[in-house]
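In the UniProt record's numbering, the protein residues as written are 1 to 339. For every residue, glycine included, the Cβ atom is placed at its ideal position computed from N, Cα and C. Just so you know, these numbers come straight off a predicted model, no measurement behind them.
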Amino acid sequence: MEAQHIDTAYLWLCHRRQHYPDNADIWHLRFHWQSERERILDALRQSSYRVSPLQCIHRADGTVIHLWSAADALVAKALALAIRPHLGISKRCTHIKGNGGLKGAVRAVERNSTWFRFVIRTDVKAYYESIDQSLLLTQLSAHINDRWTLNLLSQFIGRTVEHGGLYRDIRRGIGRGSPLSPLFGAVYLQELDAALEPRDVFYVRYMDDILVMARTRWQLRRAIAVLNGVLGRLKLSKHPDKTSIGYIARGFDFLGYRFSRNRLQLARKTLDNMRSTLSRLYEQKKADPQRSAYLGAYLRRWRGWARGGLCEISVDLAVRARSCEPKKGLLWNNRRSIA
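Structure (structure tokens):
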């Protein structure tokens, strides 16, 4: 890890935590940045850096998150930048920056779906929480030879959470929200990438959302056998409610879109989520005279997301949101093709 990684990570951290409250430790780090930078670099050079316990934070909406200290988040980001080129991540793992992202996966599926007949779409049940930490460290050690780097990675994987003066060690799974988490998620399923990528099927993965398309039933069965075998060895399992197998011609959902022959639409769940958000926003802004402007701005942003990265593909976008207002009713009925 070099000083440039720390400096890049610092800019990223300042942006990510720019709206944190006044008592957050990010402001101490920023105010004393020059001295803190040297302290962190010295600790990393001397292999003496120690990761602090995560803080358990209860949000206003009732959710609970585990938050790294500002210094630890900085080191985690710098570490992610340093190790990323050495991990040999497959191009079929699209959630990693530079591999196409969600829209890249959607474009690839749309382009290739006409050449295949059968599809399996699944994801891993409780993926982050089910990752075996020992197996993950073994996989990382195959790409990284530096013992101190592996030691630092092990601290972020085998983490401790503090809440109300009580400390709890997490011995299974990886944390969410860390800049290292996408890399861990990519590395842990590398065996699956290596097993399915060279076969005579189409395979793509976005974190733990997996899709395989095949020309024949036999090819699909072999791919499913490989998938089940790899997941079993990694102590993972498919999510029973999110696994579907069938004909491509009948259509299937993947990454928020509905794929069918010569047609790409938004999935029903995507539309339902939009309606739910729109309804909540309507209630929150009920007394605001600018309510219509807020709702219109949200719909414009949402439409921009729906068509973003898919300009060369015709997408049917049907937006119909009813009953956001219980008495009068509110209706957006825009049916259009996004090109």
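Straight-line Cα distance separating residue j from residue i
i    : j    : result
A70  : S237 : 34 Å
Q290 : E283 : 13 Å
S47  : L29  : 21 Å
K269 : F254 : 11 Å
Y49  : G62  : 33 Å
D193 : C56  : 34 Å
G308 : Y128 : 28 Å
L189 : L140 : 12 Å
Collapsed DSSP secondary structure at residue i in the structure displayed
i    : result
E19  : Residue 19 is actually His in this sequence, not Glu. Here H19 sits in coil by DSSP.
V230 : helix
A214 : strand
D209 : strand
Q46  : coil
C93  : strand
C56  : strand
L330 : Any reading at L330 must be qualified, since the residue scores a pLDDT of 38, below 50, and its modelled position is unreliable; the value itself is stated next. Note: L330 maps to coil in three-state DSSP.
H143 : coil
T8   : helix
When the options are compared against residue i, the one with the closest alpha-carbon
i    : options                : result
M274 : E129, A293, G256, Y20  : G256
D123 : K242, A225, T277, T270 : K242
W68  : I40, Y294, G175        : G175
D42  : L137, T138, E2, A194   : E2
L271 : R263, L299, D7         : L299
L102 : M207, L295, R233, T8   : M207
P179 : Y188, G100, C56, R84   : R84
H163 : R45, H58, R50, K285    : H58
S134 : E197, G158, W115, Y128 : G158
Residue i vs residue j beta-carbon contact at 8 Å
i    : j    : result
I259 : E110 : The sequence shown places Phe at residue 259, not Ile. In contact: F259 and E110 (Cβ atoms closer than 8 Å).
L150 : A80  : no
V119 : I248 : yes
L295 : L281 : yes
I26  : R37  : no
R215 : R121 : no
V230 : A195 : yes
G177 : I65  : yes
A82  : H5   : yes
A9   : K77  : yes
Residues of its chain near residue i, where Cβ-Cβ distance is below 6 Å and the 5 sequence neighbours each way are ignored
i    : result
T277 : none
D169 : T160
W302 : M274
R261 : A249
Residues near residue i in its chain [Cβ-Cβ closer than 8 Å; skip 5 each side]
i    : result
H86  : H143, I144
Y167 : P53, T160, V161
Sequence-distant residues of its chain with Cβ nearer than 7 Å to residue i (five each side left out)
i    : result
V204 : R92, T94, A105, A108, V109, L211
C14  : R30
V201 : V212, M213, A214, Q219, A223
Check: residue i C-beta below 7 Å from any heavy atom of the ligand ZN
i    : result
R291 : The model on display carries no ligand, and the ligand ZN is accordingly not part of it.
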